[in-house]
Amino acid sequence: MKKFPILKIPDVAFREVTSMMTPTEIIKLAMSNFKLELLLRNRKYKIDAIILQSGNNYPQIDTESAENCLSVFFEKSENEKRYPVTQLVQLQDKYREEIDEKLYLTHLSLEEMSSIYSNLTRLFSCSWYIWVLIFDEMKLEEFWEYTEKILTFEFRRLTVHGGSMSNDVLAKLMDKAPEKAELSIDSDIPLDYSHPKALQFHSVDYEEARWLKSEDLYNIRNSYTIKLERTNFDSIDVNRFLNYWSDCDKDMMEEISISLKEGTQINKQEIFRNLIVISPNDDDSVILIERQVIFSAWDPFKEDVLYEYLVLKLVYQKRDCEEKIRKREKEFRGWRDTEKRKLQLELEELERKLAVLNRDFVV
């Protein structure tokens, strides 16, 4: 079979053909010829994320594509020869096989890994660089070598997977990690651990979060998502946090997910105590996932939730008016009829507006 002369086709046709390729196919094409790699660099293909993972089980780089996401797995090799990878074509002699859109190659050193990362950044336009370190497959010295190198790169998320991390290792990692990054740790964390930056990152995901106290949640600021898997929190703790969050004049986070203490049942009445809540008329729309509770914050003027916001606003005004009436009746039994009538008319008007506006919620 004759080889397809892809270098000789017109630029428009080349762009059309390569635009339909997966990230893995782009990598393979760049590996075949340096001139092709240069052409592909000029195209700068857009993908959603590049995930780079380092572990020690098998001597390979595993490159797989999933929609618009590229995953690269760096793993330890017995080969001590080290060559700087300045071109992806140099990976040809490391190629082993391809299985299910995955490229298997003999592995590289930390320096070579860094070179491949640089080549990928020139080949793809991507805002999400996610690094995954398999903690229980690495010596501590090796873990810090990789971490120090990763911290010199632009990245979105750092994930530490497996094993148990000591207080000292965790403290050093959180001290070094930039607050603009996302931090995900599913390694075991000591129950006596504490760190002021633990909930200060752009996003956090802790598989083991029983070391966190409810007061720690009050320190969340300017985060995107907070995910806490195993905690010691119950419905009362969640209620206290929600009351603090609703009164806080600072941006805390957009979404928080908390799995309650093992053996604890979700008590919706306790969770929403002293809070103004509206719920859909359709009970089937409320889904409880085991012990997990999830809360999100929305900007009513930027998101499609203005209707819900207006209903909540009227409910709040109605409750506030009712509280004023109760307070005055208790403290000023002889208050003037005109003032009392004014508040009653205000309450009736709010009830009328709410009845007209609210079509979908139980208040």
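Numbered per the numbering used here, the sequence shown spans residues 857 to 1219. Positions of the beta carbon are idealized from the N, C-alpha and C atoms, including for glycine. Since the model is a prediction, treat every value here as computed from it, not as a measurement.
The closest CA to that of F1157, considering only L1166, Q1173, F1151, is found on L1166. Note on the stretch 1040–1102: there is no whole alpha helix (DSSP H) run with a minimum of 4 residues. Sequence-distant partners of I1127 (beyond 5 residues in either direction) whose C-beta falls short of 8 Å from its own C-beta, in its chain, are S1091, V1094, N1095, L1098, V1149. In this model, I1114 and V1060 are separated by some 12 Å (Cα to Cα). Straight-line measurement puts the Cα of M994 at about 30 Å from the Cα of Y1080.
Counted as a single uninterrupted DSSP element, the alpha helix (DSSP H) harbouring L1162 occupies residues 1162–1187. Assignment of alpha helix (DSSP H) within the stretch 861–918, counting only whole runs of 4 or more residues, yields 867–875, 879–888, 890–899 in chain order.
When the five nearest sequence neighbours on each side are left out, the beta carbons in the same chain lying within less than 7 Å of the beta carbon of Y973 are those of L908, F1009, in order along the chain. When DSSP reads this structure, M1109 sits in a beta bridge with S1079. Taken through DSSP and simplified to helix, strand or coil, S1020 comes out as strand. Taking 9 Å as the cut-off, the beta carbon of K1180 is found closer than this to the beta carbon of L1199.
Under the Cβ criterion (8 Å, minimum of three pairs), the stretch 1010–1024 counts as touching the stretch 977–985. The beta carbons of W1067 and I1045 sit closer together than 9 Å. Taking a C-beta distance under 9 Å as the contact criterion, L885 and I862 qualify as a contact pair. K1183 sits away from L1210, with the two beta carbons spaced by 9 Å or more.
M876 and E1071 have their C-alpha atoms spaced approximately 51 Å apart. For I1127, the enclosing alpha helix (DSSP H) starts and ends at 1124–1127.
P1034 counts as exposed, since fewer than 16 other beta carbons sit within 10 angstroms of its beta carbon. For the stretch 957–1004, the continuous beta strand (DSSP E) assignments of 3+ residues that do not extend past its boundaries occur at 958–961, 985–990, in sequence order. Put simply, of E872, K1005, L989 the residue whose alpha carbon is nearest the alpha carbon of S1020 is L989. Around K902, the same chain offers N924, F980, S981, C982 as residues with beta carbons nearer than 8 Å, after the five sequence neighbours per side are excluded. Nearest neighbour of L1029 by Cα position, chosen from L1047, K1053, Q943, turns out to be K1053. Judged by beta-carbon spacing, K1005 lies within the 9 Å limit of S970, meaning their Cβ atoms are closer than that value.
As a beta-bridge residue in DSSP terms, F1217 pairs with P1136. Separation of the CB atoms of R1147 and I1122 is rounded to 6 Å, and the pair is thereby assigned contact status at 8 Å.
F991 and R897 have their C-alpha atoms some 33 Å from each other. Nearest in C-alpha terms to A1153, of all of E1118, V1171, W1101, is W1101. Taking the Cβ atoms as the reference, N1137 lies roughly 6 Å from V1218, within the contact range of under 8 Å.
D1048 places its beta carbon less than 9 Å from that of N1023.
If you draw a 10 Å sphere on the C-beta of L1116, you find 16 or more other C-beta atoms in it, and that means buried. Residue burial is scored here from C-beta neighbours: E1187 has fewer than 16 other C-beta atoms within 10 angstroms and is therefore classed as exposed. In the three-state reduction of the DSSP assignment, R1197 falls in the helix class. Rounded to whole angstroms, the Cβ separation of R1129 and K1106 is 23 Å, and the two are not in contact under 8 Å. Using a 10 angstroms sphere on the CB of E1038, the tally of other CB atoms reaches 16 or more, which defines it as buried.
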